[in-house]
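Here's the structure, in structure tokens; my notes come after.
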Amino acid sequence: MASVALKGARKAFPTGVEALAGVDLDVRDGELMVLVGPSGCGKTTALRAIAGLERLSAGRVEIDGADVGHLEPAERDVAMVFQNYALYPNMSVARNISFGLRARGASREEQERRVSDIAKVLDIEALLDRKPRMLSGGQRQRVAMGRAIVRDPRVFLMDEPLSNLDARLRVQMRGEIVRIQRELGTTTVYVTHDQVEAMTMGQRVAVMDSGRVRQCDTPARLYDAPADAFVARFMGSPPMNLLDGRIEAVDGGGLAAVLGTARLPLSSAQAAARPALRSYAGREIAVGVRPDGFEIGPADGRGDLTGVVYLAEMLGSEALIHVELEHVGARITGRFGGRPTAAPGDRVSVAVDPARLDFFDAATGIALDRDGRG
Amino acid sequence: MTARPPARRRAARVLARLSEHAFLTTVALICALPLYVMLIASLQRARDFDGSALLPSLPLTLDNYEGAWSDLGFDRMFVNSTVLSLASAAIATLLAAGAAYGFTRFRFAGRGVLLAAMVGMMAIPAIVVIVPLFVVMSDLGLVNRMSSAILAEAGLLLPFAIFLLYSYMRDLPRELFEAADVDGASRWRQFMEIALPLSRPALATTLVVSAIYAWNDLLIPLVLWQTEELTTLMVGLALLGPGRTGVQDVPLLMAGVVISIVPLVVAFVIARGGLIRGLTEGGER
Amino acid sequence: MTSGGALLRAARAYPWLAPAVGLVGFVLAFPVVKVVQYSFTDRTTFLDGSFVGLDNYGQLLGDELFWRSLRNNLILLLSVPLSILIALAVTGVLYRGLRGSRVYELLIFVPFLPAVASIAVIFLYVLGNEGPLNELLRGVGADGLAHSWLTESSTAIWAVLGVVLWKRIGFTVLLFMARMASVDRSLFDAAAVDGASWARTYWQVAVPQMRSIVGFAAVLGFIEAFSWTFAYVVILTRGGPDRSSFTLEYLLYRLQFDDQLVGLASAVAVFLLLGALAVAAYRIRLARREAFA
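Protein chains in written order, with the numbering used here: chain A, 1 to 374; chain B, 1001 to 1285; chain C, 2001 to 2293.
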């Protein structure tokens, strides 16, 4: 059991690419921390730095508070699951799993006992004598997990372990990894580019972009109170709609968000929850609307904005409706329960709930937060 | 399309086919006939042999093989060629495997230059270094000792062997070694349990190609193994050639030539695919 | 990373590299340095000799035998374009997949397998005065064409060329067939739809695609013509008759091992070394162009 930390971590590659541009990360003992972000954001480099497969250009890697930057991977007592599993093709499943034990000089009895224990946990007892090439993708994934678990390391490191599986298996293994991690209680750093995996698996999630951690928080907080426009758009599918707007002061000390011709007054309670907003009065800002944060209705309805539907997608239990807004010059995507209520070409009104709006600095993208952050 | 009558078109096509066959048959005959006459001659009784057998005169006999093997000394030459070929190929492959692993798994200053220098040595033909090599081996008292030709041959084979094995090991998935790093396996264990087993096809190709080169080489054993006890097949053939000091008995000599070729045919049949790839990848040194 | 770390990492790599580097140094690198050094001395097998400047080179350049040897190497170099042309023609026909083409391919490849020494001994017999070739010529009434091929000074080096060529073709065909297998077949289909004959399609569409492998074959042939003719010459003609078929390698060998003239032999070696380096440079250029093409 251990905590893991990156402190001011920087990594520049000889090619000039700066993969980590000052990353601070604190993973608590026993926690499942997900690193998520688009490709090239530095999440894999961060993981490999923790493993010791990359040396940092600057900053520290700590495990249990001790600097491990100078230690070889083997000396850090961590285990890693690779994206392509990295199973040794010349060894049987059993030998793959016991490889690390052998390397550390465990006795034959201990190897056999631990391998069979692990095989039971992962339900791969029947596969122990097979070679990796005779296994399906899901089975390989389990073996890779087994190889990590068997050593009972201080930390699990997982690099997109599910990305080579088909969608159905991915959902199943997602649950299974979480279950195993909770049972063992081993501190885990999990890297993925898939925000759904991040939301469903992480106790906390660090969203990364361009070599920095944009926000590190619980999934609910990331969704409800994104720190900036990047996080807001990255977490959630379809992504949050961002519209160009303006903040205006209204008589009586209130505030209103202006989108095109529409003027959305914020109640005083709403305004009070966003103290930073007042200083933006009269200035351009970015207004965020979650796909489930507005209603659409007939064109003559009571909506604040109007627009024309250009695409309606039926997903089964819900529908996505894409609307080209008039006067705002932007498109907005909404998610609604049931079947689509509008067809392409329909003129519709769009009613936005001011309580569900997010506001971001137009230039920096920083959230003008409900808690007064930003 | 010109409107030629179909019959004439078919005739033209048949004619084209025939001329193609005639061309290939001619080339194939030119290529194969010398080996055919070798085989025929080696099966003739000396007293039946008229100097230029295109058709065998019966009866055929295997006596020449017996004779070449025991009377001309091909038994000993065969052993010497085998020792030279296998020992030098084994040494070259072993050292090259270690070096290829060192070049793939370690990053250090001067690595690129050293690798280029080692592989670049492929360009230097044995004939260029034979004079100093002979002088050095004489100074060390190694001429006419088993070790001299074996070491020289292994050294000449090494650049090519490193080239083959390095290209192969470089392309092994890096994650396997990273996983082993995390698992706590030493570099030595990774070499023995991952790099070597996964490189088996390349190791086999390297070993067989090297063995063939060493088997076929004339210059090194001619210069460094000058005693009768250390005569190889190639040296023996060079010294026994007819018309001069050598044997006048052509059937006997041809049987000896066949003996020198058979192991190559066997090696080729066993290792065909990898061999062709290995040879076409850099069939010179 | 500190320089101490870099040194440490290098030190960890050396045990893996040292044996190979040591052996290559002993057999190739050190002798290359030595041969250049010897070439400026009058060293013999028995005497260390002293520095004589460029005397050896001067002596070589003034020696008719040196020039004749070089000329003979150049004659053997003809095997390169000839083997490439013949192999291209053979490949073009073979690739069409005539009935029995696998048998043809096998027969054509066969000469590649035996060692040069084995081949040379076979041809000592085949090209002999009473040998099968002359027998064949006399059999078809071409008595006038029969020669004692290897022992007449007008024919000896050309006979060697014939043997070199004979040995090369199979391997060259093998190289070209391997390349043809990866040429996009739809190109040929397109040409056929356009109404082009196979011969035209092959020479104008397929052969240009084989440029790099042809270059590779040329390099191999060049290397062979300047460094591997030793075994042919030493067995087929021993430089004779009357020293008419010496090549540079054979000259080097005779100077060293018959005349004991280490310095002079080394000067010949330096010429061969320069040739090898020129070929290596050409190969690197070829590889570069490949990489950027």
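Beta carbons: idealized from backbone N, C-alpha and C, even for Gly.
Members of the stretch 92-125 of chain A near chain B, C-beta cut-off 7 Å:
Taking 7 Å as the upper bound on Cβ-Cβ separation, chain B lies near residues Phe99, Gly100, Ala103, Arg104 of the stretch 92-125 of chain A.
Ignoring anything shorter than 4 residues, give me the alpha helix (DSSP H) runs that lie fully in the stretch 264-341 of chain A, in order along the chain.
Within the stretch 264-341 of chain A, the complete alpha helix (DSSP H) runs of at least 4 residues are 268-272.
Given C/Thr2172 as reference, the closest of C/Val2193, C/Ala2196, C/Leu2220 once Cα atoms are compared:
Position 172 of the third sequence, counted from the start, is the residue given in the question as residue 2172 of chain C. With distances taken between Cα atoms, C/Thr2172 lies closest to C/Leu2220.
In the DSSP assignment, what residue or residues form a beta bridge with A/Phe359?
Counting from one through the first sequence, the residue named residue 359 of chain A turns up at place 359. Partner(s): A/Val287.
Taking the alpha-carbon of C/Val2080 as reference, which of C/Leu2252, C/Arg2288, C/Ala2192, C/Glu2224 has the nearest alpha-carbon?
One-based indexing of the third sequence puts residue 2080 of chain C at position 80. Ranking C/Leu2252, C/Arg2288, C/Ala2192, C/Glu2224 by CA distance to the CA of C/Val2080 puts C/Glu2224 first.
Does the stretch 1179-1186 of chain B touch the stretch 65-78 of chain A, meaning 3 or more C-beta pairs lie closer than 8 Å?
A contact exists between the stretch 65-78 of chain A and the stretch 1179-1186 of chain B.
What distance in whole Å lies between the Cβ atoms of A/Met33 and A/Ala206, which are believed to be in contact at a cut-off of 8 Å?
Against the first sequence, residue 206 of chain A aligns to sequence position 206. Against the first sequence, residue 33 of chain A aligns to sequence position 33. Confirmed, about 7 Å.
Contact set for B/Ala1267: own chain, Cβ-Cβ below 8 Å, skip 5 residues either direction:
Sequence index remark: in the second sequence, residue 1267 of chain B carries index 267 (1-based). In chain order, Val1208, Ala1211, Ile1212, Leu1275 place their CB closer than 8 Å to the CB of B/Ala1267, counting only its own chain and leaving out the 5 sequence neighbours on each side.
Determine, using beta carbons only, whether C/Ile2157 comes closer than 8 Å to chain B.
Position 157 of the third sequence, counted from the start, is the residue given in the question as residue 2157 of chain C. Taking a beta-carbon distance threshold of 8 Å, C/Ile2157 does not count as an interface residue toward chain B.
Distance, Cα to Cα, A/Thr261 vs A/Val328?
Reading the first sequence from its first residue, position 261 is the one you call residue 261 of chain A. Reading the first sequence from its first residue, position 328 is the one you call residue 328 of chain A. If I take the Cα positions, the gap works out to 8 Å.
If A/Val115 sits next to A/Ala94, beta carbons under 8 Å apart, how far is it from one beta carbon to the other, in whole angstroms?
On the first sequence, residue 115 of chain A is found 115 positions in, with the first residue counted as 1. On the first sequence, residue 94 of chain A is found 94 positions in, with the first residue counted as 1. Confirmed, about 5 Å.
With A/Gln215 as the anchor, note down where its beta strand (DSSP E) starts and where it stops.
One-based indexing of the first sequence puts residue 215 of chain A at position 215. 212-217 is the extent of the beta strand (DSSP E) around A/Gln215.
Measuring straight from C-alpha to C-alpha, what distance separates A/Arg233 and A/Asn241?
Working through the first sequence from its first residue, we reach residue 233 of chain A at position 233. Working through the first sequence from its first residue, we reach residue 241 of chain A at position 241. So the two alpha carbons sit approximately 8 Å from each other.
B/Met1169 classed as buried or exposed, judged by whether at least 16 other C-beta atoms fall within 10 angstroms
In the second sequence, residue 1169 of chain B corresponds to position 169, counting from 1. Counting Cβ neighbours within 10 Å, B/Met1169 comes out buried, since at least 16 surround it.
Would B/Leu1024 and C/Leu2098 be called neighbours here (beta carbons separated by less than 8 Å)?
Your numbering for residue 1024 of chain B matches position 24 in the second sequence. Your numbering for residue 2098 of chain C matches position 98 in the third sequence. Cβ distance < 8 Å, so B/Leu1024 and C/Leu2098 count as in contact.
Specify the secondary structure class of B/Gly1184 as computed by DSSP and reduced to three states.
Numbered from its first residue, the second sequence carries residue 1184 of chain B at position 184. Of the three classes helix, strand and coil, the one that applies to B/Gly1184 here is coil, per DSSP.
Where the beta strand (DSSP E) through A/Ala249 begins and ends:
Taking the first sequence and counting its residues from 1, one reaches residue 249 of chain A at position 249. From DSSP, the beta strand (DSSP E) with A/Ala249 extends over 241-250.
I'd like to check one pair, B/Leu1237 with C/Ser2118: are the Cβ atoms closer than 8 Å?
As a first step, residue 2118 of chain C must be located in the third sequence, where it is residue number 118. As a first step, residue 1237 of chain B must be located in the second sequence, where it is residue number 237. A contact, by the Cβ cut-off of 8 Å.
Can you give me the C-alpha to C-alpha distance between C/Gly2100 and C/Arg2043, rounded to a whole angstrom?
Numbered from its first residue, the third sequence carries residue 2100 of chain C at position 100. Numbered from its first residue, the third sequence carries residue 2043 of chain C at position 43. Taking C-alpha positions only, C/Gly2100 is separated from C/Arg2043 by approximately 59 Å.
Measure from the C-beta of B/Met1254 to each C-beta in chain C and report whether the shortest distance is under 8 Å.
Looking up residue 1254 of chain B in the second sequence gives position 254. B/Met1254 counts as touching chain C.
How about A/Tyr88: is its C-beta nearer than 8 Å to some C-beta of chain B?
The residue you call residue 88 of chain A lines up with position 88 of the first sequence. True, the Cβ-Cβ gap to chain B drops below 8 Å.
Close beta carbons around C/Tyr2014, own chain, < 6 Å, minus the five adjacent residues each side:
Mapped onto the third sequence, residue 2014 of chain C falls at position 14. Sequence-distant partners of C/Tyr2014 (beyond 5 residues in either direction) whose C-beta falls short of 6 Å from its own C-beta are missing from its chain.
In chain order, what are the residue ranges of uninterrupted beta strand (DSSP E) at least 3 long that sit wholly in the stretch 71-102 of chain A?
Within the stretch 71-102 of chain A, the beta strand (DSSP E) runs of at least 3 residues that lie entirely inside it are, in chain order, 78-81.
Under a CB-based cut-off of 8 Å, is B/Arg1111 close to chain A?
Within the second sequence, residue 1111 of chain B is the residue found at index 111, counting from 1. At a cut-off of 8 Å between C-beta atoms, B/Arg1111 does not count as an interface residue with respect to chain A.
Can you tell me whether C/Val2032 is buried or exposed, with buried defined as 16 or more other CB within 10 angstroms of its CB?
As a working mapping, residue 2032 of chain C is identified with position 32 in the third sequence. C/Val2032 is buried by the Cβ-count criterion.
Straight-line CA distance for B/Ala1126 to C/Ala2146?
Along the second sequence, one-based indexing puts residue 1126 of chain B at 126. Along the third sequence, one-based indexing puts residue 2146 of chain C at 146. Near 36 Å, if we compare the C-alpha coordinates of C/Ala2146 and B/Ala1126.
Can you confirm whether C/Pro2132, when its beta carbon is compared against all beta carbons of chain B, has any partner nearer than 8 Å?
Working through the third sequence from its first residue, we reach residue 2132 of chain C at position 132. Chain B contact via Cβ: present.
Is it buried or exposed, B/Ile1270, if we count other Cβ atoms within 10 angstroms and call 16 or more buried?
What you label residue 1270 of chain B is simply residue 270 of the second sequence in a count that begins at 1. Its Cβ having fewer than 16 others within 10 Å, B/Ile1270 is exposed.
Would you report the Cα separation of A/Gly185 and A/Pro219, rounded to the nearest angstrom?
By one-based count along the first sequence, residue 185 of chain A stands at place 185. By one-based count along the first sequence, residue 219 of chain A stands at place 219. Spanning the two alpha carbons is a distance of roughly 19 Å.
Please classify C/Val2205: does DSSP put it in a helix, a strand, or coil?
As a working note, residue 2205 of chain C is residue 205 in the third sequence. Three-state DSSP puts C/Val2205 in a helix.
Here's a check: name, in chain order, each residue in its chain whose Cβ is nearer than 7 Å to the Cβ of A/Ala167, leaving out the five neighbours to either side.
Indexing the first sequence from 1 puts residue 167 of chain A at position 167. Scanning its chain for C-beta atoms nearer than 7 Å, with the 5 sequence neighbours on each side dropped, one finds no residue around A/Ala167.
Listed from N- to C-terminal order along the chain, which residues in the stretch 2102-2115 of chain C have their beta-carbon within a distance smaller than 7 Å of any beta-carbon of chain B?
If the cut-off is 7 Å between Cβ atoms, the stretch 2102-2115 of chain C has Tyr2104, Leu2107, Ile2108, Val2110, Pro2111, Leu2113, Pro2114, Ala2115 near chain B.
Under 8 Å between C-beta atoms, does B/Pro1125 make it to chain A?
For the purposes of this step, residue 1125 of chain B is taken as residue 125 along the second sequence, with counting starting at 1. Not one chain A Cβ lies under 8 Å of B/Pro1125.
To test your reading of the DSSP string, which unbroken beta strand (DSSP E) runs of 3 or more residues are found completely within the stretch 135-190 of chain A?
Contiguous beta strand (DSSP E) elements confined to the stretch 135-190 of chain A occur at 155-159, taking only those with 3 or more residues.
Output yes if chain A places a C-beta closer than 8 Å to the C-beta of B/Glu1175; else output no.
The residue given as residue 1175 of chain B occupies position 175 in the second sequence. For B/Glu1175, the answer is yes, since a Cβ of chain A falls inside 8 Å of its Cβ.
Nearest chain B C-beta to A/Leu53 closer than 8 Å, yes or no?
Indexing the first sequence from 1 puts residue 53 of chain A at position 53. Chain B places a beta carbon closer than 8 Å to that of A/Leu53, counting this residue as a contact.
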